[in-house]
Each structure stands twice: as C-alpha cells, then as structure tokens.
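S.K.: Chains as they are written, first to last, in full-length UniProt numbering: chain A, 1 to 492; chain B, 1 to 418.
Quick reminder that beta carbons are idealized off the backbone N, C-alpha and C, glycines included.
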Amino acid sequence: MSDISSSVKLKYVKLGYQYLVNHFLTLLLIPFIATVAIELLRMGSQEIFTVLYSLHFEVLHILCSSFLIIFVSTVYFMSKPRTVYLVDYSCYKPPVTCRVPFSSFMEHSRLILKDNPKSVEFQMRILERSGLGEETCLPPAIHYLPPAPTMEAARNEAQMVIFTAMEDLFKKTGLKPKDIDILIVNCSLFSPTPSLSAMIINKYKLRSNIKSYNLSGMGCSAGLISVDVARDLLQVHPNSNAVIISTEIITPNYYKGNERAMLLPNCLFRMGGAAVLLSNRRSDRWRAKYKLCHLVRTHQGADDKAYYCVMEEEDKEGNVGINLSKDLMTIAGEALKANITTIGPLVLPASEQLLFLSSLIGRKIFNPKWKPYIPDFKQAFEHFCIHAGGRAVIDELQKSLQLSGEHVEASRMTLHRFGNTSSSSLWYELSYIEAQGRMKRNDRVWQIAFGSGFKCNSAVWKCIRTIKTPTDGPWSDCIERYPVFIPEVVKL
Amino acid sequence: MEASPVTGVRLSSVVPASVVGENKPRPLTPMDLAMKLHYVRAVYFLKGKRDFTVSDLKTTMFTLLQSYHHVSGRIRMPENDNDPSSGLALPYIRCNDSGIRIVEANVEEFTVEKWLDLEDRSIDHRFLVYDHVLGPDLFFSPLVFLQITQFKCGGFSIGLSWTHVLGDVFSASTFMKTLGQLMSGHGLPELVYPKTPEMTSHDHNDEAISIKKIESVGNCWLLANKCKMGRYVFNFSLNQLDRLIAKYTTQDQPLSEIDILYALIWKSLLNIRGETNTNVITICDSKRSTTCWNDDLVISVVERKDEMIGISELAALIAGGKREENGVIKQMIKEDRGSSDFITYGANLTFVNLDMADMYEFEIKGGKPDFVNYTIHGVGDKGVVLVFPKEKSARIVSVVMPEEDLAKLKDEVTNMIM
C-alpha cells in the first residue's frame, strides 16, 4: 500500500516539476501582466493619457520607431528558413500475385539450398523468429525456382513499384507531372544507367529544367537523406515542390549463396516503395498534412567497426551478398545515442533537458557511477516511427528509449504486414498510424532510420491538420485485423 | 518420339491470394488413403492464338486457390508433427498456403494441330504433364502441378497432375472448369468441404478384393510397377456405339452403352490374359459429378463365373452383379493403421465411370478445348479404363495397361467393333 501511495506521490511531484519548468516564462509573465493591468485599471483613462503626453512623442520619433519595427520584422521573416510542408504521400501496395506466405518461402529456400542443410536450418530459424507475417511480398522474378534475377526483371520491378506509387500520389494530391520542380529518387542496391530518376522523367514527360537527383548506396536511412536534400533545395528555390521516391529493388539482390551471415537479408527484405510530395508554397499550407520541424543526420563512418558492420561483398563462391556483422545491435545503439544527443536539445521540453544536464554534471563532478539519465522522449513526441529493420532493431530501440508497446506498434505491424521495405518502411508506419485514426492536429512524429555506413537519421514532423481515417492506402483492406499478436516463434 | 521436344522449362509457385488455410489440418479419411498412390493426369489442348496469356492464367490461379485450401497445403505425417495436440493417427494435409507448382514450357517444333495428328497419344502425358510425385520430401511436395506449354502456333496445352488424395477425376475436372470460369470473368465459387464421414460398423470381417494391400512405400508415394505401363485412347463414335448396342442387347435385357463397353474390354482381356487372371473387375462410380471427394466414390466388384464368356453375358453381369465394398475397404484400411499401403486402380482390372460430367465443359472466354486427355498415373499391373463422353458425340475410352497387353488389346477391340 505504501509502495503505491509513494509512487503516486512521486508521479505528482514529477508532473508538478515538469509543469513548473516547461511553463517557467509564462508563470513569470503572469504576475507581471496582472500587476500592469491592475495599475492601468486603477489609473483610469484620463491619467493614462496624461502619462502618454508627458513622454513627448514627436511625429519623427513615432515614424522612426515604426520604420525600425517594420525593418526588423521584414529581416526576420526573410531570413527565417522556409517551412517545408509534407502535402501527402502514398505507399506502394504489391499485387496479390507477389504474395509470399511463410511456408512457401521456407519451401523455396529449402529447394534452392538443398545441398546445405545447415544453411536451410539457419534460415528456418531466422524466419520463425523474424516477426514477418503471411502477406509480405517478393517481386515476380524471385518466385521462380531457381530465382531469375535479370536486369530486365529488376527494371520491371522498379517500374511496377515506382509508377504505381507515383500515380497514386498524383491522384491523391492532384499534382500534374509538368509541375514537379524537384525529383529525388533513393534506391540503395539497384542503380542502372540511365538512372531511376531518368526513368521517371521519361515515363511522365517531366520538364526539361527539372532538378533531379538519384541517391544510391546509402542504405535504409536514405529516405530521410532524400528529405534532407529536398529541404535544402526548397530553401534555395522559392515556390517549389519536390517529389521523393524511396524504394528498394529486391530482384537483383537476392543472395544465391549459402553463407549464413548473408542469408539474413533474404529473409527480411521485401517489396515496397513510397512517393512523397513536399512543398514550400504558402498555398499548400492548407492542404498539407505535416510540416518538417527538424532533421538530424549522424554518421558513424569514422569508426572502423561501424563502417564494416554492413558490408556488401562476395562470398567464397563469388555470390554477392550483404554481410551483417554480429555487433550490429551495439553499433546501432551507439549511433542512436549520437543522434539523440543532437536532437534532444531541439525537441525535449526544458524539464527533461534540465534533468539530463544535472545528471550529466553530477556524473562528471560528483560520482561517475550514477546511472545516466535517459530523457523521456515520450514527452516530446506522440508517435514514433522506427525503421522496421528487423525484430531485434525494434526491440533494442524500445528498450533504449523506454517506449511502451503502443509506441512501437506501428513499426512491429509494418514489419509483420510488409516486411523490411528498407527506406520506405517509415512511410508505411506513418500510414498505419493514420489508418488507425490516431493522428491528430499538433501531434509530433519522430521518424528514426538506420543504414549502412553506419548512419542514424531522424526527422521530426508536426501534424498540421487532423487526418480523417483514409479510405485508401496500403492498410485499407487489412487495418481491421491489426494490431495482431506476433508470437515469439512461429512454427511451420 | 524419344527425346523431349519441350524446352525453356521454368518452375514457380502460385499461392492463394489471401490468407485462407490458417495452418488448419485436414485429415485424410480411409477412402483417401485407398487412393494415396494414384495421380490424376489431364491435358487440355487449345489450338491457335487466344486472347489471354500465360500470366493471365497464373494470376487467375491466385484467385482460384482462395477457394481451394486443401490443394495449397502439404502432407504431414503424424510422427513428424510438431504439434502434439492434433491427435491424428493417419497422415493429414496441413493447409498452410504453400500453393501449387506451375511449370512454364515451350514446344518449338510443333503446332497444336501437328501434335494432335501424331499417332501416339501417350506423348501427351510424357511431355506435357510434369512428372510429379509426392516425396521423398513430403513436407515440401506440392499436391498439384500445372504445366502450361506454348506451341509454335501460339496455342497452349495445360497439363494437370492432381494427387488423388485431394479428390477423384471429377474434382480435378471441376478445378479446371472453375479456372476456365474465373478466366472468363465469372465469380469465385465457394467450395464445400465435407464433414468427416462417420464410420459405419460392419459385423463381417471380410477382406476387400477391390483393393490390394502392398508393402509400405515410405516417404515416396509412388507405386513401382512390375512391367512397363502404356497408354492408349480409343475413340468410339455414335455410329459404332449404336452398332454395338444393336449387336449385344436383346429385347428382354436392355443394356447401357457403358456396360457394353466394359464388357467389350473385359472380354478382350480375357482373351489376352487367359481366364484365370481376369475373374474379378473393380468398378468405380461416384455419387456426385462435381467436386467428388474420395468418400463419395462407390467401389464395387464384379466376379465372373467360369461359364460366362460372351459379351452380352458379361454386360448383364456388370449391370446386375455389382457388390459394393466401401464399408469393407474402410474397415480394412482403418485396422491397418498405416503400416502398409493400398492401391485401388489396377489391383484388379478397374473401370472408372466418368459419364456424369463432360470434361469438355472447360471453357475460357467462350473457347472450348480441342482435345482433352485424361489418365491415371501410378496404376497397378492389372490396368485401368476411364470412360467419358465427348460432347455428346462420342465416347472416349482412355486405357492404362501393361505395354504387351496394350498392343494386343488394340487388335482385339478393332476386331470386335467390326
């Protein structure tokens, strides 16, 4: 009984402290305004006028002061960074002909790797614990026994994913292809010539003075890197919009060997893609869903261990695959810490920053053995979109940031329904939160993505209009079934 | 034709379009186990250019499999089962959405017409249907293989290999018919799964003579034949049938065409094999003509007495002297508890009555097949005879027999029709 009452008391103390520190200025200002108001009321209008006349304001003074005020405010508004609005986005939903149920994936793996029973066993064990569901999708070329990953098949997959997502985006936003000013495509492992951005320009007959960029090799965090590039470009170009395509083309990257460390991506990576429309136009403010508040990129590449932890290389037989090192989780934790250290001061309320600062000072000066204070990010954000890189990543982040099951639900359910779709998974997760009807005006969303290199990028968005549950979107036909319970191990 | 004219073979899997099986077990009944080692094989030929492609067929298959949970499943043996609570002693199908295997292939040298002009109809089943068998890896063996072969003229053949535990020839033809209907734009039908049938008890412990007990085949569900089996298709036109009826029916003994055809073949084989070997025949009928589960089959035997050698006598015996053995079969298999295996087709000379449904009802966007060839794979040494109608204009008799018997059979039948 005393435990409960003491924890309740502690809760109220915490709440009181937070309210006091976060609204410090307001709390200071209130007595001041109150005093002035009482004085004014006491003086009455006659006395006020006499006081004003006694100040000897001349026309020149008034003109100069107003000119100064106007000048300062103009400079302020001109030098303020342009707000970047996210008008809308669309996520690609693969057709049912690409569906890969658990049992079918295991059967194909077994038939392809039949000379290596140990590798088959390993792959089965990963799949059982992966957190993927029965409706994830692989491109058509991978459904063949053995898989037939030609360049043509890869281009077909790219066209299927990207064009469908773009057409959906055009429909949702009423955007005309000729109006696109900036086009950024990010696809890490498939980089043909001409580029995927050229492919889009050719298909939709975009303008000849379009600013197009194609990012490749930047891993699963490339989606937020594209947003960063778009944001910087939108500062330079007034009255423009930018379309970002984030995808990963699976066809050419299916690992055909049997090295265990390289089999993991086969089990987790699935088809997916997203198209996002950003704009800095004032006129789009009324129909935009979100505005970009912060975007923080941290790169751990200077550290050798971080650089080598996700490495594309050839195995002994010459098959190309992605080698994931065993300390991937540790490195991800370090990268996250670096990112949090930068983003914390930008988003955390004053109460948390004060606590963190005092804990830091305490550890440095008084006692290094004190436990480091982990700021409570739940106070800074309502929603979290953690890149669905795998069950282990989500578990690790949930633990480090002390998040509840509901906060990571979007990530887990996206992993279950769509698998790891690489850079576009953040958009599927955002779409999940909207489909569940949880996104309200003024809610803040934190998107965190990890990628090879090793990078940790995060973006903070603020919702600027309450979003009605969308009737279309990748979750439209299955959202009633979610959230689902995902067992620890799924038996064949 | 010795070398295979089929090139460009590519295998892929097709699964149900949505989650349907949910890993539920579908137990195999004793009647299913009586048919365990048999496979229904069918080839449908479509001449000339059509307005659908191979990918259309594959895409439609995804939708079709949403109705057929058991077809997309895989066999599980009770000892290997990871789930101890299932409590089943016989093998069962786990409906885990694994799907069926599709084979895409090409035949460069022939058009459909040239192919059908060739004498030997066994080439249909040697090259245009995938040589599918369950096992040795039962966990991961598909229950159905579908081979889509494209010919030089742009026409197709669709070769189906259907495990008999899923259902009999009617089930296979309904599966194909539904595929055709879906391709033509009709809706998806609801497949009615039967409830587990009750075991009717029998006081007599007779041995069934329609089925034969053989040594357990282990994990590879294929029968090893003592001699090489051959296939042949007889085509009986309406005129020939009328003549036969006129020849062998008498006023006081009206006989059906089917009975006369059965008697004709039986008599021929009596002449070929001698009288001691062919005293018993098995007749398979079905209670329904659409999705026929193995429990809807009616397996009967007809035993010949020494004096009966004429076709009319045999036909009359077939018409009146059938003895149903379903109950005894189920009893025998249940008591065996899976220690040995059984065969039905070919245990004795077996006749399968497929008269109720027309295989030629298969239709894609108004286009009917030019030729349909059904047979059974994995047949015992005594052989099997399938009789089915061809669009009300003829009767097809598809025969699987040891090769040496088959050569003589052709002559015998030709003689008898004259």
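In the DSSP assignment, what residue or residues form a beta bridge with His377/B?
M.R.: Tyr39/B.
S.K.: Taking its Cβ as the centre, do 16 or more other Cβ atoms sit within 10 Å of residue 493/A, making it buried, or is it exposed?
M.R.: There is no way to answer for residue 493/A, as the model of chain A reaches only from 1 to 492.
S.K.: Under 7 Å, CB to CB, which of the residues in the region 93 to 117 of chain B have a partner in chain A?
M.R.: Cβ contacts with chain A come from Asn96, Asp97, Ser98, Gly99.
S.K.: Taking just the CA atoms, how far does Phe139/B sit from Lys390/B?
M.R.: Cα-Cα distance, rounded: 38 Å.
S.K.: Given that Val120/A touches chain B, what residues does it touch there, using C-beta distances under 9 Å?
M.R.: Those within 9 Å of Val120/A in chain B number zero; the least Cβ separation is about 10 Å.
S.K.: Give every residue of the same chain whose Cβ lies closer than 8 Å to the Cβ of Leu40/A, excluding the five residues on either side of it in the sequence, and list them in chain order.
M.R.: The residues are Ile48.
S.K.: Hey, quick one: how far does the alpha helix (DSSP H) through Leu279/B stretch, first residue to last?
M.R.: Checking the displayed sequence, the identity of residue 279/B turns out to be Asn instead of Leu. Where Asn279/B is concerned, there is no enclosing alpha helix (DSSP H), given that its DSSP letter is neither H nor E.
S.K.: Comparing alpha-carbon positions, which option in Arg270/A, Ile180/A, Thr330/A, Leu264/A lies nearest Leu324/A?
M.R.: Among Arg270/A, Ile180/A, Thr330/A, Leu264/A, the Cα nearest to that of Leu324/A is on Leu264/A.
S.K.: Could you spell out where the alpha helix (DSSP H) holding Lys415/B opens and where it closes?
M.R.: Sequence check: residue 415/B is Asn here, not Lys. That run of the alpha helix (DSSP H) goes 403 to 417.
S.K.: Who are the Cβ neighbours of His132/B in its own chain at under 6 Å, not counting the five residues just before and after it?
M.R.: Cβ within range, chain order: Phe145, Ser161.
S.K.: Which residue or residues does DSSP assign as beta-bridge partners of residue 561/A?
M.R.: As displayed, chain A neither begins before 1 nor continues past 492, which places residue 561/A out of reach and without an answer.
S.K.: Any beta carbon of chain B sitting closer than 9 Å to that of Val96/A?
M.R.: So yes, Val96/A belongs to the interface.
S.K.: If you run the structure through DSSP and keep just helix, strand and coil, what is Gly390/A?
M.R.: Here Gly390/A sits in coil by DSSP.
S.K.: Would you grab the beta carbon distance between Cys187/A and Met271/A for me? Rounded to a whole angstrom, and I think it's under 8 Å.
M.R.: Actually they are not in contact, since the Cβ atoms of Cys187/A and Met271/A sit about 12 Å apart, beyond 8 Å.
S.K.: Which partner residues does Phe234/B have in the DSSP bridge list?
M.R.: Val397/B.
S.K.: With DSSP run on the structure shown, which of helix, strand or coil describes Ser161/B?
M.R.: Ser161/B: strand per DSSP, three-state reduction.
S.K.: How about Ser6/A and Cys220/A: are their beta carbons less than 9 Å apart?
M.R.: No; because the gap between Cβ atoms is not below 9 Å, this pair is not in contact.
S.K.: In chain B, which residues lie less than 8 Å from Glu134/A when you measure between Cβ atoms?
M.R.: Those are Val19, Asp97, listed as they occur along chain B.
S.K.: Using a Cβ-Cβ cut-off of 9 Å, state whether Phe342/B counts as contacting chain A.
M.R.: So, not an interface residue.
S.K.: Pick out whichever of Arg26/B, Leu317/B, Glu412/B has its Cα sitting closest to the Cα of Asp195/B.
M.R.: Residue identity check: residue 195/B is Lys in the sequence provided, not Asp. Measuring from the Cα of Lys195/B, the nearest candidate turns out to be Arg26/B.
S.K.: Using a Cβ-Cβ cut-off of 9 Å, state whether Arg10/B counts as contacting chain A.
M.R.: Chain A contact via Cβ: present.
S.K.: Between which two residues does the alpha helix (DSSP H) harbouring Ile343/A extend?
M.R.: Its alpha helix (DSSP H) spans residues 328 to 347.
S.K.: Which residues in chain B have a C-beta closer than 8 Å to the C-beta of Pro192/A? List them in chain order.
M.R.: Under the 8 Å cutoff, chain B gives no residues; its nearest Cβ is about 24 Å from Pro192/A.
S.K.: I need the boundaries of the alpha helix (DSSP H) containing Cys292/B, first residue and last residue.
M.R.: Counting along the chain, Cys292/B falls outside any alpha helix (DSSP H), and DSSP gives it neither H nor E.
S.K.: With 16 other CB atoms within 10 Å as the buried threshold, where does Glu152/A fall?
M.R.: By the neighbour-count rule (16 or more Cβ atoms within 10 Å), Glu152/A is not buried but exposed.
S.K.: Does the beta carbon of Cys64/A fall short of 8 Å from some heavy atom of the ligand ADP?
M.R.: This structure lacks the ligand ADP; in fact it carries no ligand of any kind.
S.K.: If I measure Cβ to Cβ from Ile417/B and keep anything under 6 Å in the same chain, skipping five residues before and after, which residues do I get?
M.R.: Around Ile417/B: Gln240.
S.K.: Can you confirm whether the region 285 to 293 of chain A touches the region 455 to 471 of chain A when touching is taken to mean that 3 or more C-beta pairs between the two stretches lie within less than 8 Å?
M.R.: Taking 8 Å as the limit for Cβ pairs, the verdict is that the region 285 to 293 of chain A does touch the region 455 to 471 of chain A.
S.K.: State the start and end residues of the unbroken alpha helix (DSSP H) segment that holds Thr59/B.
M.R.: Thr59/B -> alpha helix (DSSP H) spans 54 to 64.
S.K.: Count the CB pairs spanning the region 123 to 135 of chain A and the region 220 to 239 of chain A that are closer than 8 Å, and state whether there are at least three.
M.R.: In short, these stretches do not touch, since the Cβ pair count stays below three.
S.K.: With a threshold of 16 other CB atoms inside 10 Å of the CB of Val192/B, please say whether the residue is buried or exposed.
M.R.: Val192/B should be labelled exposed.
S.K.: Measure the CB-CB distance between Leu269/B and Thr278/B and report whether it falls below 9 Å.
M.R.: Result yes, Cβ atoms of Leu269/B and Thr278/B sit closer than 9 Å.
S.K.: Hey, Gly257/A and Glu312/A are a contact pair by Cβ (cut 8 Å); roughly how many whole angstroms apart?
M.R.: So it is not a contact: roughly 13 Å between Cβ atoms.
S.K.: Using C-beta distances below 6 Å, list every residue in its chain close to Val320/A, excluding the 5 sequence neighbours before and after it, in chain order.
M.R.: Excluding positions up to five away in sequence, the list reads Glu314.
S.K.: Is there contact here, the region 89 to 108 of chain B with the region 15 to 32 of chain B, by at least three beta-carbon pairs under 8 Å?
M.R.: Yes, the region 89 to 108 of chain B touches the region 15 to 32 of chain B.
S.K.: Does any CB atom of chain A fall closer than 9 Å to the CB of Leu88/B?
M.R.: Confidence at Leu88/B is low in this model, with a pLDDT of 49, below 50, so its placement is unreliable and no value can be given for it.
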